[in-house]
Amino acid sequence: MKVGFAMTLLLAVWAGGLSAQEAPGFGRLEPGQKVLVKTVGGSRFVTRLGAVPGDSLAPSFDLATVPFQAGRVDSLWVRGHATVTGALVGAAIVTPLSFGFWAWVCEAVSEGAGCTTWGAVTAASLITGAGGAVLGAGIGYLTPKWRLRYARDPDATISPMVAPGRVGLSIRF
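Residue numbering for the sequence shown follows our numbering, starting at -10 and increasing by one per position.
Next up, the structure:
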């Protein structure tokens, strides 16, 4: 009983906290946000969402720079930045290269006795790799990236297929 009451209370609080910026099925969208829309008819265009007149911060599809109907959307993509991808790529490239460089420096400084400070080599390569991650994040921030926000469920039909000598399924999209 207590668990059911707690779950109901939690659901009520969560539902009350939903923003007006959430369009049904599209997730969180904001006025002025750049979106790529693919419609059912096959057309494709980029537009900025308009704002609903009044005090609401909800986005409006009718007041977008290219107006469209939500019911005709096949997929909706939101423009963002590739910051995380850039950081991962920067760290993945710079860290092994810097480890090789610092290992070479350690061997060169040790004058033939062999490198004995592998902890320092590892620390230096991780610090350099962090710098590569920051540089990659900066480059990724400058790189636009489209993220899929909504995709219509395909209207697919599955039917059995029986032919002489063959049995299978037929899937139509």
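Beta carbons are placed, not taken as given, at the ideal position from N, Cα and C, and that holds for glycine.
query: Any non-hydrogen atom of the ligand GTP within 8 angstroms of Gly30 CB; result: Among the ligands in the structure shown, none appear at all, so the ligand GTP cannot be discussed.
query: Meets three-Cβ-pair contact criterion under 8 angstroms: the segment 114 to 126 and the segment 70 to 83; result: yes
query: Pair within 9 angstroms by beta-carbon distance, Leu130 and Gly60; result: In the sequence under discussion, the amino acid at residue 130 is Tyr, which differs from the Leu named in the question. No, these two residues do not count as a Cβ contact at 9 angstroms.
query: Strand pairing of Pro133, partner residues [DSSP]; result: His70
query: CB-CB length for Pro20 against Arg68, believed under 8 angstroms; result: At roughly 14 angstroms, the Cβ-Cβ gap does not stay under 8 angstroms, so Pro20 and Arg68 are not in contact.
query: Cross-strand partners of Ser64 (DSSP beta bridge); result: Lys27 and Ala140
query: Limits of the unbroken beta strand (DSSP E) element including Phe34; result: Arg33 to Arg37
query: DSSP three-state assignment for Ser87, whether helix, strand or coil; result: helix
query: Beta-carbon separation (whole angstroms), Arg136 vs Trp66, contact threshold 8 angstroms; result: 6 angstroms
query: Rounded Cβ spacing between Ser179 and Arg141 (contact assumed at less than 8 angstroms); result: This structure leaves residue 179 out entirely; the chain is present only between -10 and 162.
query: CB-CB length for Ala40 against Leu52, believed under 8 angstroms; result: 7 angstroms
query: Buried/exposed call for Leu38, threshold 16 Cβ in 10 Å; result: buried
query: Classification of Gly138 by the beta-carbon crowding that lies within 10 angstroms, buried from 16 upward; result: Contrary to the premise, residue 138 reads as Arg rather than Gly in this sequence. Buried: at least 16 other Cβ atoms inside 10 Å.
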